[in-house]
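Chains as they are written, first to last, in our numbering: chain A, 9 to 123; chain B, 3 to 121. For glycine and all other residues, C-beta sits at the position ideal for the given N, C-alpha and C. These figures come from a predicted structure and were not determined experimentally. All remarks here apply to the structure that follows.
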Amino acid sequence: TQLLEQSPQFLSIQEGENLTVYCNSSSVFSSLQWYRQEPGEGPVLLVTVVTGGEVKKLKRLTFQFGDARKDSSLHITAAQPGDTGLYLCAGPAMNSGGSNYKLTFGKGTLLTVNP
Amino acid sequence: EAGVAQSPRYKIIEKRQSVAFWCNPISGHATLYWYQQILGQGPKLLIQFQNNGVVDDSQLPKDRFSAERLKGVDSTLKIQPAKLEDSAVYLCASSMLISRASSFTDTQYFGPGTRLTVL
């Protein structure tokens with residue numbers, strides 16, 4: 009079973025601070041996705057990384073895929089209250105029947121940015 | 003473009019009762035997913051449809067859960083009878099393509115979910 013472990017589980021910071029959250033696995037993933045889920049809403053895809061060592065930037069968010077494709081990080085610069093939410097990483101894993109790749113999600117990092 | 007619609011948004015039932023959730027995916031999306039998200043965890047895939055056929059239901063508790071996607075558009079997920087541990091948010095998602103490859107690059111669009119509480 010391919011598991012994704014995210015850390016920290018909770019993070020509360022002040023507006024303007026920088027932060028990094030992590031997504032780790034003992035298994036190699038061919039790609040990883042990051043989602044943000046706001047309270048009462050479904051997850052929204054932020055980025056997909058597919059190449060080991062890849063770095064992608066989305067405004068103040070920087071995503072990195074580890075060289076060995078077993079881990080990924082999300083760095084937020086100058087966090088704002090609007091960044092508050094649950095950050096989920098997800099990667100493809102074979103189902104138990106061996107017939108389909110499905111997205112398997114980590115438990116997420118719950119980020120609160122205080123004004 | 004309209005997003006994925008789900009109803010109801012909230013449902014409270016007693017254990018052993020039945021409940022049904024409805025999902026309307028984004029127009030033209032062939033693939034539809036139902037996920038269960040228990041508090042403090044990430045979403046877990048319950049069932050995946052391509053058009054009106056089931057692609058993956060390996061994690062669906064088939065003794066109590068059922069789902070259908072009539073005419074390859076809307077879908078319903080039913081629980082009968084409900085148990086306390088079924089309390090969760092049930093998310094519906096859709097995507098344009100089915101990705102059975104190990105490099106999963108499809109974009110899944112999620113609805114707002116239905117929060118189920120079983121007392």
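Reducing DSSP to helix, strand and coil, say where residue i ends up.
i, result
"A/L11", "coil"
"B/L86", "helix"
"A/P100", "strand"
"A/G90", "helix"
"A/K139", "The requested residue 139 of chain A does not occur in the structure, where chain A is confined to residues 9 to 123."
"B/K64", "coil"
"B/K17", "coil"
"B/K80", "strand"
"B/K73", "helix"
"A/Q22", "strand"
"A/Q17", "coil"
"B/T107", "coil"
"A/V121", "strand"
In the DSSP assignment, the beta strand (DSSP E) including residue i goes from what residue to what residue?
i, result
"A/G105", "From DSSP, A/G105 is part of no beta strand (DSSP E); its letter is neither H nor E."
"B/F67", "F67 to E70"
"A/S38", "Per DSSP, A/S38 belongs to no beta strand (DSSP E) and is neither H nor E."
"A/V57", "V52 to V57"
Just to check my reading of the structure: residue i and residue j have Cβ atoms closer than 8 Å, yes? What is that Cβ distance to the nearest angstrom?
i, j, result
"B/V21", "B/I15", "5 Å"
"A/T56", "A/S39", "6 Å"
"B/F112", "A/P51", "5 Å"
"B/R8", "A/K115", "This sequence places Gln at residue 8 of chain B; Arg is not what is there. That pair is no contact at about 23 Å."
Could you tell me which residues DSSP pairs with residue i in its beta bridges?
i, result
"B/S9", "B/W24"
"B/A95", "B/Y35 and B/F112"
"B/G55", "B/Q52"
"B/I40", "For B/I40, which the question treats as bridged, DSSP gives no partner whatsoever."
"B/R117", "B/Y12 and B/V91"
"A/K78", "Note: A/K78 sits in no beta bridge, so no partner."
"A/T85", "DSSP output for A/T85 lists no bridge partner at all."
So does the segment 101-113 of chain A actually touch the segment 75-91 of chain A, counting three or more Cβ pairs closer than 8 Å?
By the C-beta criterion, the segment 101-113 of chain A is judged not to be in contact with the segment 75-91 of chain A, since fewer than 3 inter-stretch pairs fall below 8 Å.
Is it true that the segment 63-83 of chain A meets the segment 26-45 of chain A, where meeting means three or more beta-carbon pairs spaced less than 8 Å apart?
Between the segment 63-83 of chain A and the segment 26-45 of chain A, the count of Cβ pairs shorter than 8 Å is three or higher; the stretches touch.
Decide if the segment 82-96 of chain B is in contact with the segment 21-30 of chain B; the criterion is three or more beta carbon pairs, one per stretch, under 8 Å apart.
A contact exists between the segment 82-96 of chain B and the segment 21-30 of chain B.
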